[in-house]
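Chains as they are written, first to last, in my numbering: chain Z, 8 to 473; chain E, 120 to 315. Beta carbons: idealized from backbone N, C-alpha and C, even for Gly. Computed from a predicted model, the values in this text were never measured in an experiment. So the structure is just underneath, and the comments pick up after that.
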Amino acid sequence: MPKTLFDKIWDKHVVKTIPNGPSVIYIDKHFIHEVTSPQAFKGLENRGQPVFRPQNVVATADHNVPTVNQHLPIKDELSRNQVNKLIENCKNHHIELYGLGHPFQGIVHVIGPELGITQPGMTIVCGDSHTSTHGAFGSIAFGIGTSEVEMVFASQCVLQSKPKQMRININGNLNTGVVSKDIILFIIAKISASGATGYFVEYAGDAVRALSMEARMTICNMSIEMGARGGMIAPDEVTYDYMKGRLFAPSHEQWDLKMKEWKELYSEKDAHFDIEININAAEIEPMITYGTNPGLGIAIGASIPQTDSIPDEGEKRNIIKALEYMGLQSGKQLLGMPVQFIFIGSCTNSRIEDLRLVASIVRGKRKSDNVEVMIVPGSQQVAKQVVEEGLDKIFEAAGFEIRQPGCSACLGMNEDKIPAGAYCISTSNRNFEGRQGAGARTLLASPLTAAASALTGVITDVRDLK
Amino acid sequence: MKAFTVLDTTFVPLSIENVDTDQIIPARFLKATTRDGFGKNLFRDWRYFNNDEAQPKPEFVLNQPQYKGEILVAGKNFGCGSSREHAAWSILDYGFRAVVSSFFADIFKNNALNNGVLPVQVSEAFLQEIFREGSDSKLSINLKEQKITINRTGASENFDINDYKKTCMLNGYDDIDFLLSIKKDIESYEHAAQHS
Ligand code: SF4
Numbered sequence: 008m009p010k011t012l013f014d015k016i017w018d019k020h021v022v023k024t025i026p027n028g029p030s031v032i033y034i035d036k037h038f039i040h041e042v043t044s045p046q047a048f049k050g051l052e053n054r055g056q057p058v059f060r061p062q063n064v065v066a067t068a069d070h071n072v073p074t075v076n077q078h079l080p081i082k083d084e085l086s087r088n089q090v091n092k093l094i095e096n097c098k099n100h101h102i103e104l105y106g107l108g109h110p111f112q113g114i115v116h117v118i119g120p121e122l123g124i125t126q127p128g129m130t131i132v133c134g135d136s137h138t139s140t141h142g143a144f145g146s147i148a149f150g151i152g153t154s155e156v157e158m159v160f161a162s163q164c165v166l167q168s169k170p171k172q173m174r175i176n177i178n179g180n181l182n183t184g185v186v187s188k189d190i191i192l193f194i195i196a197k198i199s200a201s202g203a204t205g206y207f208v209e210y211a212g213d214a215v216r217a218l219s220m221e222a223r224m225t226i227c228n229m230s231i232e233m234g235a236r237g238g239m240i241a242p243d244e245v246t247y248d249y250m251k252g253r254l255f256a257p258s259h260e261q262w263d264l265k266m267k268e269w270k271e272l273y274s275e276k277d278a279h280f281d282i283e284i285n286i287n288a289a290e291i292e293p294m295i296t297y298g299t300n301p302g303l304g305i306a307i308g309a310s311i312p313q314t315d316s317i318p319d320e321g322e323k324r325n326i327i328k329a330l331e332y333m334g335l336q337s338g339k340q341l342l343g344m345p346v347q348f349i350f351i352g353s354c355t356n357s358r359i360e361d362l363r364l365v366a367s368i369v370r371g372k373r374k375s376d377n378v379e380v381m382i383v384p385g386s387q388q389v390a391k392q393v394v395e396e397g398l399d400k401i402f403e404a405a406g407f408e409i410r411q412p413g414c415s416a417c418l419g420m421n422e423d424k425i426p427a428g429a430y431c432i433s434t435s436n437r438n439f440e441g442r443q444g445a446g447a448r449t450l451l452a453s454p455l456t457a458a459a460s461a462l463t464g465v466i467t468d469v470r471d472l473k
Numbered sequence: 120m121k122a123f124t125v126l127d128t129t130f131v132p133l134s135i136e137n138v139d140t141d142q143i144i145p146a147r148f149l150k151a152t153t154r155d156g157f158g159k160n161l162f163r164d165w166r167y168f169n170n171d172e173a174q175p176k177p178e179f180v181l182n183q184p185q186y187k188g189e190i191l192v193a194g195k196n197f198g199c200g201s202s203r204e205h206a207a208w209s210i211l212d213y214g215f216r217a218v219v220s221s222f223f224a225d226i227f228k229n230n231a232l233n234n235g236v237l238p239v240q241v242s243e244a245f246l247q248e249i250f251r252e253g254s255d256s257k258l259s260i261n262l263k264e265q266k267i268t269i270n271r272t273g274a275s276e277n278f279d280i281n282d283y284k285k286t287c288m289l290n291g292y293d294d295i296d297f298l299l300s301i302k303k304d305i306e307s308y309e310h311a312a313q314h315s
C-alpha cells in the first residue's frame with residue numbers, strides 16, 4: 008500500500024503495538040523546559056528510575072524567564088525556584104541545558120531548528136503543544152503532558168494511538184501583504200479550532216513549497232490551534248539548505264547518508280488520507296482574529312460575522328460570549344480601531360525573517376504615540392543577528408522596546424502582561440481569554456499587520472500604508 | 120493512580136464550548152514544581168472577581184452551592200489549547216473523577232487518563248439531555264460496561280475507550296509501569312535502528 012510521509016516515519020518508530028491499544032513509539036529527540044518538567048523529574052525519582060537516554064534530551068528555560076536583566080537573579084521567587092529546579096534536575100540527570108546566560112537559550116521551538124537538532128524523519132516531543140513547529144522539517148513532532156514527559160524520561164518512548172491523517176493542499180500565488188501566518192489563520196478560520204482534532208496534518212502544494220523554512224515553521228506551529236496532533240511538511244531543497252552547516256546537523260559522510268534517508272520522506276502517489284482539503288492561495292487576505300479562539304478570524308478588511316445569522320446555537324453563544332469579552336460588536340469592521348499594545352514575538356513569529364519583515368515596514372518611521380510596542384526575539388542567536396543586521400537601530404528609532412528572548416507576553420506567565428481591557432495585536436498563536444494577562448484582549452495577526460498597526464496606532468491593512 | 124470502576128454522583132454543569140486549558144488553570148499558576156494544590160485555582164478567572172477569593176462571581180457554576188459532585192459536564196471541545204497537565208491536576212484536585220463532554224481535545228484526553236480522571240465522550244444530543252437535568256439529578260458511569268446513565272430517566276449511552284487504557288484505569292496502573300516492563304524490547308529496537 009502506498010505510504011504517507013507520516014506512515015513512513017511512524018512505522019519506523021514503532022517498538023511494539025498493544026492489541027486494541029496504543030503503540031509504543033520511540034522518541035528521537037525530547038525537548039524540555041522549566042514549566043512542564045519538574046513534576047516529571049519528581050515522579051521519576053519517586054520510582055527510583057534514572058533518565059534512560061539523557062543524550063536524547065535537550066533543555067532550555069523559556070516560558071517563565073524574565074525578558075529584561077537576564078543577567079541578574081530572577082526577582083519573582085516562584086519563577087526563580089522553577090528555573091533553578093531545571094538547572095538542578097539537568098545537572099543530576101546529565102541533560103544538556105541551554106539555560107539563561109547560555110548563547111543558545113531561547114524559546115524551545117526556535118532553538119531546536121536553529122541549532123540543527125530538529126531533522127527530517129525524526130520523532131520529536133516536548134511538554135508543550137507547539138512542538139508541532141518541528142514538523143516543518145518532515146518530522147513527527149507533537150506536544151505531550153507531564154506524565155508523558157516522565158514516560159520519555161523513563162523509557163525514551165510514549166504510548167500513542169495512530170492518528171487519522173489529513174492533507175491540506177495550498178496551491179497558487181499569495182497576494183501581496185500575505186505571509187505564512189495569514190495562511191494558517193485562514194485555514195483555522197475555515198475548519199475551526201477543533202476541525203483537525205484526532206488528525207495529523209500534512210501541508211502540501213506549490214504555495215507551501217515556495218515558502219522559506221521559517222515561514223513553514225509558522226504554519227506547522229499553529230496546527231494545534233485547529234486541534235491537530237501535529238503538522239508536517241515533506242523536506243526538500245529548502246529544508247536541506249536551511250540545515251546545512253548548522254551546529255548539530257550531520258556533516259560530511261553523515262550528511263550524505265542522511266540525505267539518502269531524507270529523500271525518501273514524501274507521501275507516495277495515491278497514499279491514503281482520511282480527509283483532503285484544497286485551498287487556493289489567491290483567496291487568502293491578511294487575517295486577524297476578533298474572538299477568543301484562533302478559529303475566530305477574518306480577512307482584515309472584512310466585518311465581524313453577524314451573530315443573528317449563525318445557525319448553530321452553540322456556535323452563536325460562543326461568538327456572543329467572545330465578542331462580549333473582546334468588547335467588539337457583530338457586523339462591525341476592525342480596520343481603523345485603536346489598539347494600545349503590539350506584541351511581536353513567540354514561537355510562531357519571533358525568528359529573524361519575522362523581524363526582518365517588521366523592519367521592512369518600520370524602517371525610518373516612528374510608532375504611534377498611542378501604542379506600546381514590545382518586540383521579543385525568539386532566541387539569543389536571533390537577538391544577536393538582529394544586532395548584526397542593524398535591525399535593533401531601526402526598532403529603537405521606531406520607539407519599539409526590544410526585550411530579551413523568552414515566551415514573554417505570549418502566555419502572560421511572568422511580568423510581561425497586557426493590562427485588562429487593553430487591545431493587543433499579537434504575532435503569537437493564542438487569543439484565549441486572559442492568555443496575555445487577566446482581561447487582556449488579543450487580536451492575532453502577522454508580523455506585517457503588527458508592524459503596520461504599530462505605526463498608525465489603529466488596526467491597519469499593511470497594503471494601505473502610505 | 121487511583122483505580123476507577125463506577126461513579127454515581129451528582130454533577131456540575133458547565134455548558135460552555137471550547138473550554139481551553141488557559142481557562143481551566145491560567146498560566147500564572149504554573150510556577151509550582153509539584154502536582155498538588157491546583158484545585159483552588161481551577162477556573163480561577165471565571166470563579167473570582169479581581170483574582171480575589173473573597174469576591175466570587177455568583178453566576179459561575181462552581182460558586183453555586185446546589186451544584187456539586189464528582190463529575191464535570193462541559194460543552195464540546197473541552198480542554199483545547201495548551202498541553203499543560205496542570206489542567207488535569209486541578210480538575211482532580213478539586214474533586215472531579217470524570218469529565219463528560221461531546222468532544223475532547225487530544226492532549227487533554229491523554230493527560231486526564233494518565234491521572235485517573237475519566238474523559239467520557241457522549242453524543243451532543245445526550246450531552247444536552249444531561250444539561251436539562253436539575254442539580255439533584257445523578258449520573259452513573261460504569262467503566263467496565265463503558266456506559267453512562269442519567270439515573271432519573273434511565274437514559275444511557277455507551278462510550279469508547281481503548282482496551283489498554285481501560286485496563287489501566289480499572290486497575291490504577293500507569294503507562295510508566297508498562298513501559299519499564301518492556302525495556303528489553305526498547306533496547307533491541309534501539310540496537311536494530313542503529314544497524315539499519
Ligand atoms: S512562545 Fe508561547 S506558545 Fe510558544 S512555547 Fe512559549 S508560551 Fe508556548
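Shortest Cα-Cα distance from G338 (chain Z) to any of Z:S357, Z:S310 and Z:D319 involves Z:S310. If you draw a straight line from the Cα of I114 (chain Z) to the Cα of F179 (chain E), it is about 36 Å long. Residues of the region 430-449 of chain Z with a C-beta atom less than 7 Å from some C-beta of chain E are R437, F439, E440, G441, R442 and A445, listed in chain order. Within 7 Å of the C-beta of S435 (chain Z) there is at least one heavy atom belonging to the ligand SF4. Collapsing the DSSP output to three states places M229 (chain Z) in a helix. A residue is called buried once 16 or more other Cβ atoms fall within 10 Å of its Cβ, and K424 (chain Z) is buried on that count. Per the coordinates, the alpha-carbon of V125 (chain E) lies some 37 Å from the alpha-carbon of H40 (chain Z). The alpha helix (DSSP H) runs lying completely inside the region 313-381 of chain Z and spanning 4 residues or more are 320-333 and 359-369, given in chain order.
Here DSSP, grouped into helix, strand and coil, assigns H141 (chain Z) to helix. Counting only Cβ-Cβ distances below 9 Å, T204 (chain Z) has contacts in chain E at N196, C199, F222, F223, A224 and D225, in chain order. Short of 7 Å from the beta carbon of A329 (chain Z), and not among the five residues preceding or following it, lie these beta carbons of its own chain, in chain order: G298, T299 and L303. With contacts defined as CB atoms closer than 8 Å, F207 (chain Z) and C133 (chain Z) fail to qualify as a contacting pair.
The residue among Z:S136, Z:I34 and Z:I195 with its C-alpha nearest the C-alpha of T43 (chain Z) is Z:S136. Exposure of I327 (chain Z) is indicated by the presence of fewer than 16 other C-beta atoms within 10 angstroms of its C-beta.
Rounded to whole angstroms, the Cβ separation of M239 (chain Z) and G145 (chain Z) is 6 Å, and the two are in contact under 8 Å. Under the three-state reduction of DSSP, K424 (chain Z) is assigned to coil, being neither helix nor strand.
By DSSP's assignment, G214 (chain E) forms no beta bridge with any residue. Every beta strand (DSSP E) of 3 residues or more that sits fully in the region 161-223 of chain E is shown, in chain order, as 190-193 and 217-220. Look at the region 137-163 of chain E: the residues with a C-beta under 8 Å from a C-beta of chain Z are N137, D139, D141, Q142, P145, A146, R147, L149, K150, A151, T152, T153 and R154.
For the C-beta of L298 (chain E), the chain Z residues within less than 8 Å are, from N- to C-terminus, V31, M158, A161, S162, C164 and L166.
With fewer than 16 other beta carbons inside 10 angstroms of its own, Q62 (chain Z) counts as exposed.
Using a Cβ-Cβ distance cut-off of 8 Å, the region 221-231 of chain E and the region 152-160 of chain Z are in contact, since at least three pairs of beta carbons, one from each stretch, lie closer than that value. Uninterrupted alpha helix (DSSP H) stretches at least 4 residues long and entirely within the region 230-292 of chain Z occur at 244-250 and 259-269, given in chain order. Exclusion of the five residues before and after R470 (chain Z) leaves T183 and G184 as the residues of its chain whose Cβ lies within less than 7 Å of its Cβ. Counting along the chain, L289 (chain E) sits inside the alpha helix (DSSP H) bounded by residues D282 to N290. Close CB contacts of E283 (chain Z) within its chain, under the 6 Å cut and outside five residues either way in sequence, are with R174 (chain order).
Under the three-state reduction of DSSP output, V21 (chain Z) falls in the strand class. When Cβ-Cβ separations below 8 Å define contact, K121 (chain E) makes no contact with chain Z.
Taking C-beta separations shorter than 8 Å and ignoring five residues to either side along the sequence, the partners of S275 (chain E) in its chain run K266, I267, T268 and I269, following chain order.
Taking a 10 Å sphere around the C-beta of P127 (chain Z), we find 16 or more other C-beta atoms and assign the residue as buried.
Within the region 26-109 of chain Z, the complete alpha helix (DSSP H) segments at least 4 residues long are 45-53 and 84-99, listed from N- to C-terminus.
Residues of the region 257-275 of chain E that bring their beta carbon within less than 9 Å of a beta carbon in chain Z are absent altogether. Counting C-beta atoms within 10 angstroms of its own C-beta, D18 (chain Z) has fewer than 16 neighbours from the protein chains shown and is therefore classed as exposed.
Note on geometry: alpha-carbon atoms of I94 (chain Z) and G106 (chain Z) lie some 8 Å from one another. Looking at the backbone, the Cα of Q183 (chain E) and that of K121 (chain E) are separated by about 28 Å. Listed in chain order, the positions of the region 81-94 of chain Z with a beta carbon within less than 7 Å of a beta carbon of chain E are L85, S86, N88, Q89 and K92.
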